[in-house]
Amino acid sequence: MIPAAPAPLHPASSPAAPPRWQQLWRDAVRDPRELLAMLGLDASGLGVSDEAAAQFPLRVPHGFVARMRRGDPHDPLLRQVLPLDDEMRPMPGFALDAVGDGAAKAGHGVIRKYRGRALLIATGSCAIHCRYCFRRHFPYAGETAAAAGWREAVAAIRNDASIDEVILSGGDPWSLATPKLAELTDALARIPHLRRLRVHTRLPVVLPERVDDALADWLAALPWPVTVVLHANHANEFDTHVDAALARLRGTGAMLLNQAVLLRGVNDSVDALAALGERGHAAGVLPYYLHQLDRVQGSAHFEVPDEVALRLHRELAARVSGYLVPKLVREVAGDPGKRPL
Ligand SMILES: *Cc1c(COP(=O)(O)O)cnc(C)c1O
Ligand code: SF4
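For any residue, its number in this note's numbering is found by taking its place in the sequence shown, counting from 1, and adding 22.
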């Protein structure tokens with residue numbers, strides 16, 4: 023975009039200043055009581071847990087809080103981020119490494135589970151902390167592909183000609199600064215067997231300001247077809263800022279898909295799932311996966327039984343356009359791909 027007048031010489035617009043999204047990232051809410059106060063809620067009786075917050079701290083950007091309903095302790099966005107006593111109850115069958123990532127590492131920050139695809143743990147950081155996430159037990163210190171200067175990860179991919187798709191994952195790969203991402207893709211561009219690049223990110227939904235000029239320019243210039251797999255669980259996670267960010271991503275030529283996790287108290291109704299698909303579609307996103315929860319410690323209160331999941335999925339298919347029905351899957355350690363329910 024060409025500005026009508028030269029930009030003023032202000033620190034915020036000088037090349038040395040950090041991008042605005044990084045400031046918004048730092049300004050995220052981290053105190054459960056502050057979050058509840060912003061929503062006009064009283065903490066007593068809600069089962070908020072300091073112990074759970076100490077184990078996996080609350081983190082939520084202000085823009086995401088603005089999409090929560092004030093005065094509603096059952097708000098589906100609030101439920102995804104609020105640390106609760108429920109998380110501290112040990113549950114049989116809920117483990118630390120529920121998806122077998124510990125056993126699947128093929129190099130520094132590279133996970134090779136499925137044919138043709140290498141998943142890079144680009145970073146451990148996220149702009150939001152989702153209580154149901156496996157990441158709550160993995161700070162990934164020293165195990166990320168970026169931490170090793172990308173070198174080992176790039177070498178692992180270069181040395182395996184069966185890999186034709188690289189998936190940037192994490193954590194959230196777009197929590198890395200754009201020049202750091204470019205460092206990786208410049209190295210990957212010299213590997214002839216790569217055909218596709220994929221990014222698994224929740225940032226365009228939770229902090230849409232991340233989709234700035236630099237990110238869009240980087241994406242548009244990549245030498246492969248790019249698929250961005252977003253993560254939104256509820257229609258209320260979309261707003262006009264998210265719409266603008268997604269329109270911009272589409273403008274780079276990227277394909278946009280969404281994966282959601284089926285979560286009790288968040289999206290476990292046909293109405294919620296239909297609204298999610300339709301709202302995403304209005305923003306240019308098609309549903310990809312609806313995941314059954316990974317059984318990680320502290321997430322049992324989010325679990326939806328398989329028979330309920332199957333019934334919801336059937337009823338959804340009877341209600342909306344075929345392309346708005348995600349695949350209902352579960353990740354099973356050792357399987358060659360996500361397992362359909
Ligand atoms: C989910 C996942 C993928 C991607 O699987 P798709 O079915 O292609 O979306 C790749 N690698 C790992 C390790 C995964 O967990
Ligand atoms: S990896 Fe995804 S689901 Fe997990 S905390 Fe980060 S943004 Fe949330």
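For every residue, glycine included, the Cβ atom is placed at its ideal position computed from N, Cα and C.
Can you look up residue i in the DSSP assignment and give me helix, strand or coil?
i	result
residue 295	helix
residue 274	coil
residue 280	strand
residue 80	coil
residue 103	helix
residue 70	strand
residue 87	helix
residue 288	coil
residue 39	coil
residue 94	coil
residue 363	coil
residue 125	Note on residue 125: pLDDT 46, under 50, position unreliable in the model; no value is reported.
Would you say the beta carbon of residue i is closer than 7 Å to some non-hydrogen atom of ligand 3?
i	result
residue 189	Among the ligands in the structure shown, ligand 3 does not appear; only ligand 1 and ligand 2 can be found there.
Assuming residue i contacts residue j under a Cβ cut-off of 8 Å, what Cβ separation, rounded to an integer in Å, is found between them?
i	j	result
residue 116	residue 318	6 Å
residue 89	residue 259	6 Å
residue 229	residue 85	6 Å
residue 60	residue 87	6 Å
residue 140	residue 188	6 Å
residue 296	residue 273	Their Cβ separation, rounded to whole angstroms, is 28 Å, which puts residue 296 and residue 273 out of contact at 8 Å.
residue 74	residue 105	4 Å
residue 308	residue 284	No, residue 308 and residue 284 are not in contact; Cβ-Cβ is about 18 Å, not under 8 Å.
residue 50	residue 82	6 Å
Going by DSSP, what residue range makes up the alpha helix (DSSP H) through residue i?
i	result
residue 139	Counting along the chain, residue 139 falls outside any alpha helix (DSSP H), though it belongs to the beta strand (DSSP E) covering 139-143.
residue 117	Neither: residue 117 is in no alpha helix (DSSP H) and is coded neither H nor E.
residue 59	54-60
residue 46	42-48
Ligand 2: which residues have Cβ under 5 Å from any of its heavy atoms, chain order? My final list is 148, 152, 155, 157 and 224.
Taking only runs that begin and end inside the stretch 301-361, name each unbroken alpha helix (DSSP H) of 4 or more residues, in chain order. At a cut-off of 4 residues, the continuous stretches assigned as alpha helix (DSSP H) that sit fully inside the stretch 301-361 are 328-339.
Starting from the N-terminal side, write out each stretch of the beta strand (DSSP E) that is 3 residues or longer and does not extend beyond the stretch 172-252. DSSP assignment within the stretch 172-252 yields the following whole beta strand (DSSP E) runs of 3 residues or more, N-terminal first: 187-191 and 218-222.
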